[in-house]
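Read the sequence shown against our numbering and you will find it ends at 899, with the numbers running on by one and no gaps. For every residue, glycine included, the Cβ atom is placed at its ideal position computed from N, Cα and C. Model, not experiment: these values are computed from the prediction.
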Amino acid sequence: MGYSEFYCQLCGVSFNILFRLPSGEFDLPYDERGRKSAEPAVDETESVNSADEDSIAQDLDFISREEDEDDEPYEYDSDHESTDGMSLDGNDTSASEESSTDVQEDTEMQWYSDWVAKTFDARRSGLEEHIGYYDSPMSGYSLDAISPEQAKGCRTAQFLVHKSTATQPWQSDALHESWEVKGDWFLSGICDGIPSRDVDIPRVWPARNGMEDIEADNELPSYREGGPNGVAMPFHPWCFDIFCRQSKVQFQEINVSGLMMWRNSELDWDVFRSFPRTEEVNRAREQWWNHEDGSEHLVANPLFVPGLPALLRDAVREHIVSDSTSSHEVMKSSQVMKSCYTSRHTGKSDPFYYLPWEIRLLVIDYLCSDSINNLSRASLAFANLPNSVWHKLVRKEMPWLWEAWEESECMHTTLLWSKVSTAEMRSNLRESSHYAQVLMECSYSREDAQEAAVRRFPLPLAEPDEVKLPRANTDWHRVFTQIRLNWENLKGLQNRQRIWRDVEEVVRRIRKLEG
């Protein structure tokens with residue numbers, strides 16, 4: 385079969401995105417064990433900070449219940465010195481054989497080897513561990529074209545899993561969404577990239593309802609029993625967040641049942657490939673993702689868009705922005721235009737000039753922004769348009785700019801899965817688990833220990849810098865023109881527009897299925 389991968393069901397883009405430096409060197413991603421692909425295997429527990437354990441006794445959540453307990457270091461403490469199984473001496477053949485077996489059985493990186501290991505230059509040992517060299521200029525997006533900040537989260541995969549396939553009965557937890565309680569589907573944990581179909585299945589963190597390894601695809605495998613509900617749906621957390629926003633507007637709820645009804649009806653590879661997407665996505669979706677120069681916006685974060693908050697705030701005014709449709713403003717605007725018209729159009733006729741404002745606004749309603757710009761250059765009668773006209777244009781031509789929505793249109797908070805990376809999630813789980821284990825060894829109950837660990841190690845969520853544009857105090861002409869002028873630099877906004885259109889088509893198909 386060879387290397388093959390599935391894609392985000394909502395936007396069609398790969399999870400195995402790579403980046404190259406200007407020199408041709410390559411920034412390697414983390415593998416499923418949380419280490420860089422070029423790193424040697426290390427014990428995961430080495431990342432647990434011994435200072436955290438040393439401070440447990442001083443922690444507000446911790447009260448020692450066995451003061452006379454031996455003060456020996458724990459096995460997983462970074463200061464603990466193990467005396468067995470750690471030697472790599474040539475005479476220690478059993479340890480060497482065991483290490484060799486572990487390497488042979490470590491299949492988690494085979495999928496990655498299929499892709500890039502053949503071109504890795506191991507002689508470049510002087511480089512940092514997270515850098516490798518790739519001989520193909522298409523093996524990654526250039527960091528000159530898109531920054532790590534812009535692309536944050538592009539490799540994060542998550543899945544919608546049917547409750548009947550869970551290894552444990554579904555239970556609500558600190559991470560659950562309200563729709564998960566009564567629905568048939570739930571959100572899995574997250575992972576960084578995915579393995580090749582012929583090698584392994586994704587492993588996610590946390591293992592919600594016991595689901596650590598997820599069987600997901602864009603098609604129903606012939607060997608799979610149980611029908612489409614047995615196959616989880618893959619997506620980027622940010623794509624699902626955009627679906628939630630549209631779903632709340634269109635269905636007044638997060639319509640996961642409708643979403644999965646659509647997915648199940650199109651769980652076929654040819655049907656998935658035929659879904660209408662941008663040409664850049666269709667060109668890139670080869671056996672390996674084709675990191676085509678100029679298409680970097682496909683992997684830009686649509687929720688955290690560097691530069692956008694400042695641009696929008698710059699359009700907000702302390703005073704109410706005048707809407708020149710008022711009688712005073714209309715008269716003032718007309719006088720200005722008449723003066724300009726007399727000085728610049730002497731002897732010429734402008735039929736639009738004699739139209740009342742109401743008629744001019746009716747004309748504007750039928751035009752797109754490009755036509756309005758052309759008209760304003762051709763006729764001074766349309767040179768100074770009311771602020772309300774630009775507000776309508778923003779809402780009409782930029783429906784994905786939810787910063788311009790009224791509060792009553794959609795009450796939505798960015799989902800937590802879009803605010804945390806897989807590495808951060810795994811580190812948090814490892815630290816809190818280690819902390820809880822220490823507490824249980826000090827006579828805490830499992831429940832009390834876990835609650836204390838959650839308080840001690842909250843998830844490091846990156847809150848988006850969200851801007852809400854007040855309708856009356858916003859210069860909508862500035863919003864519209866500044867977004868247009870800075871469009872090339874706002875790669876996340878470009879991707880938001882692309883995903884929004886894909887999700888619009890998904891919503892249209894859901895409506896058709898639901899009748």
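Practice prompt. Could you pull out every residue in the same chain whose Cβ sits closer than 7 Å to the Cβ of P848, ignoring the five residues on either side in sequence?
Written response: Taking the sequence shown and counting its residues from 1, the one referred to as residue 848 is at position 464. Once the five neighbours on either side are set aside, the close Cβ partners of P848 are L687, F688, T798.
Practice prompt. Enumerate in chain order the residues of its own chain whose CB-to-CB distance from P690 is below 8 Å, with the five nearest sequence positions on each side excluded.
Written response: Working through the sequence shown from its first residue, we reach residue 690 at position 306. Counting only Cβ-Cβ distances below 8 Å, and skipping sequence neighbours, we find S531, E533, Q534, G876.
Worksheet item: Closest to N360 by CA distance: which of E889, H560, H620 is it?
Response: The structure shown does not extend to residue 360, since the chain is modelled only from 385 to 899, so the question has no answer here.
Worksheet entry | Alpha-carbon to alpha-carbon, E898 and E787 | Here residue 787 refers to the residue found at position 403 when the sequence shown is read from its first residue. Here residue 898 refers to the residue found at position 514 when the sequence shown is read from its first residue. Their Cα atoms are separated by approximately 30 Å.
Worksheet item: By DSSP, does V891 sit in helix, in strand, or in coil?
Response: If you number the sequence shown from 1, residue 891 lands on position 507. Residue state, collapsed to three classes: helix.
Item to complete: Hey, could you find the ends of the beta strand (DSSP E) T984 is sitting in?
Response: Because the chain is modelled from 385 through 899, residue 984 falls outside the range shown and cannot be assessed.
Worksheet entry | Meets three-Cβ-pair contact criterion under 8 Å: the region 871-891 and the region 654-671 | yes
Worksheet item: Do the region 540-552 and the region 568-583 meet, that is, are 3 or more Cβ pairs less than 8 Å apart?
Response: yes
Practice prompt. Take the Cβ of Y828 as the centre, count every other Cβ of all protein chains shown within 10 Å, and call the residue buried at 16 or more, exposed below.
Written response: By 1-based counting over the sequence shown, the position of residue 828 is 444. Buried, since its Cβ has 16 or more Cβ neighbours within 10 Å.
Practice prompt. Excluding the 5 residues preceding and the 5 following N879 in the sequence, name in chain order all residues of the same chain whose CB lies nearer than 7 Å to its CB.
Written response: Residue numbering aside, residue 879 sits at position 495 when the sequence shown is read from its first letter. Correct list, in chain order: H681, L682, A684, P686.
Fill in: Burial state of E389 (16 or more Cβ within 10 Å)
Here residue 389 is taken as the residue at index 5 of the sequence shown, counted from 1. Answer is buried; the Cβ neighbour count reaches 16.
Worksheet item: Any idea if F399 is buried or exposed, counting beta-carbon neighbours within 10 angstroms, 16 or more meaning buried?
Response: Numbered from 1 along the sequence shown, position 15 holds the residue referred to as residue 399. Buried: at least 16 other Cβ atoms inside 10 Å.
Worksheet item: What's the C-alpha gap between P621 and D754?
Response: Stepping through the sequence shown from its first residue, residue 621 is reached at position 237. Stepping through the sequence shown from its first residue, residue 754 is reached at position 370. Approximately 34 Å, taken between the alpha carbons.
Worksheet item: Which residues in the same chain have their Cβ closer than 7 Å to the Cβ of N639, if we skip the five residues on either side of it in sequence?
Response: Here residue 639 refers to the residue found at position 255 of the sequence shown. Counting only Cβ-Cβ distances below 7 Å, and skipping sequence neighbours, we find S631, I894.
Discussion item. DSSP three-state label for G611, please.
Written reply: The residue you call residue 611 lines up with position 227 of the sequence shown. In this structure, G611 counts as coil in the three-state DSSP scheme.
Worksheet item: Which two residues bound the contiguous beta strand (DSSP E) that contains G573?
Response: Position 189 of the sequence shown, counted from the first residue, corresponds to residue 573. Its beta strand (DSSP E) spans residues 569-576.
Item to complete: With DSSP as the reference, please indicate the residues paired to Y525 in a beta bridge.
Response: As a first step, residue 525 is located in the sequence shown; it is residue number 141 there, counting from the start. Answer by DSSP bridge pairing, in chain order: F403.
Discussion item. Quick check: P612 and L643, are their CB atoms within less than 8 Å of each other?
Written reply: On the sequence shown, residue 612 is found 228 positions in, with the first residue counted as 1. On the sequence shown, residue 643 is found 259 positions in, with the first residue counted as 1. Going by C-beta atoms, P612 is not nearer than 8 Å to L643.
Worksheet item: For C392, which three-state DSSP category applies?
Response: Taking the sequence shown and counting its residues from 1, the one referred to as residue 392 is at position 8. The answer is coil: DSSP assigns C392 none of H, G, I, E or B.
Discussion item. Tell me which residue opens and which closes the beta strand (DSSP E) that F619 is part of.
Written reply: Your numbering for residue 619 matches position 235 in the sequence shown. Per DSSP, F619 belongs to the beta strand (DSSP E) from 617-619.
Worksheet item: Roughly how many angstroms lie between the CA atoms of S677 and R868, to the nearest whole one?
Response: Looking up residue 677 in the sequence shown gives position 293. Looking up residue 868 in the sequence shown gives position 484. Looking at the sequence itself, residue 677 is Asp, so the reference to Ser does not match. Cα to Cα, the separation comes out at about 22 Å.
Worksheet item: Where E831 and L777 are concerned, what is the direct C-alpha to C-alpha distance, given to the nearest angstrom?
Response: Here residue 831 refers to the residue found at position 447 when the sequence shown is read from its first residue. Here residue 777 refers to the residue found at position 393 when the sequence shown is read from its first residue. Rounded to whole angstroms, E831 to L777 spans 54 Å at the Cα level.
Worksheet item: Tell me, which residues are paired with H546 by DSSP?
Response: For the purposes of this step, residue 546 is identified with residue 162 of the sequence shown, where counting begins at 1. W569, per the DSSP bridge assignment.
Item to complete: Could you tell me whether the region 803-818 touches the region 582-599, where touching means 3 or more Cβ pairs closer than 8 Å?
Response: yes
Worksheet item: Assuming L604 contacts V851 under a Cβ cut-off of 8 Å, what Cβ separation, rounded to an integer in Å, is found between them?
Response: Locating residue 604 in the sequence shown gives position 220, where the first residue counts as 1. Locating residue 851 in the sequence shown gives position 467, where the first residue counts as 1. Actually they do not touch by this definition, with Cβ atoms about 42 Å apart.
Worksheet entry | Cut-off 8 Å between Cβ atoms - residues of its own chain near A558, not counting five sequence neighbours on either side | Locating residue 558 in the sequence shown gives position 174, where the first residue counts as 1. Hits under 8 Å: V838.
Worksheet item: Does the distance from the C-beta atom of W646 to that of Y387 stay below 8 Å?
Response: Taking the sequence shown and counting its residues from 1, the one referred to as residue 646 is at position 262. Taking the sequence shown and counting its residues from 1, the one referred to as residue 387 is at position 3. For W646 and Y387, no; Cβs fall outside 8 Å.
Practice prompt. Spell out the partners DSSP gives N589 in its beta bridges.
Written response: If you number the sequence shown from 1, residue 589 lands on position 205. Note that residue 589 is Trp in the sequence shown here, rather than Asn. Note: W589 sits in a beta bridge opposite I574.
Fill in: Limits of the unbroken alpha helix (DSSP H) element including D749
Here residue 749 is taken as the residue at index 365 of the sequence shown, counted from 1. Element bounds for D749: 741-749.
Worksheet item: Under three-state DSSP, which class holds A541?
Response: Reading the sequence shown from its first residue, position 157 is the one you call residue 541. In the structure shown, A541 sits in a strand (DSSP, three-state: E or B).
Discussion item. Rounded to whole angstroms, what is the Cα-Cα separation between H796 and F627?
Written reply: As a first step, residue 796 must be located in the sequence shown, where it is residue number 412. As a first step, residue 627 must be located in the sequence shown, where it is residue number 243. Straight-line Cα distance between these residues: approximately 11 Å.
Worksheet entry | F403 and G524 closer than 8 Å at C-beta | As a working mapping, residue 403 is identified with position 19 in the sequence shown. As a working mapping, residue 524 is identified with position 140 in the sequence shown. Cβ atoms of F403 and G524: closer than 8 Å.
Item to complete: State the Cα-Cα distance for the pair S718 and P618, rounded to the nearest angstrom.
Response: Counting from one through the sequence shown, the residue named residue 718 turns up at place 334. Counting from one through the sequence shown, the residue named residue 618 turns up at place 234. Bear in mind that the predicted position of S718 carries a pLDDT of just 47, short of 50, making it too unreliable to give a figure here.
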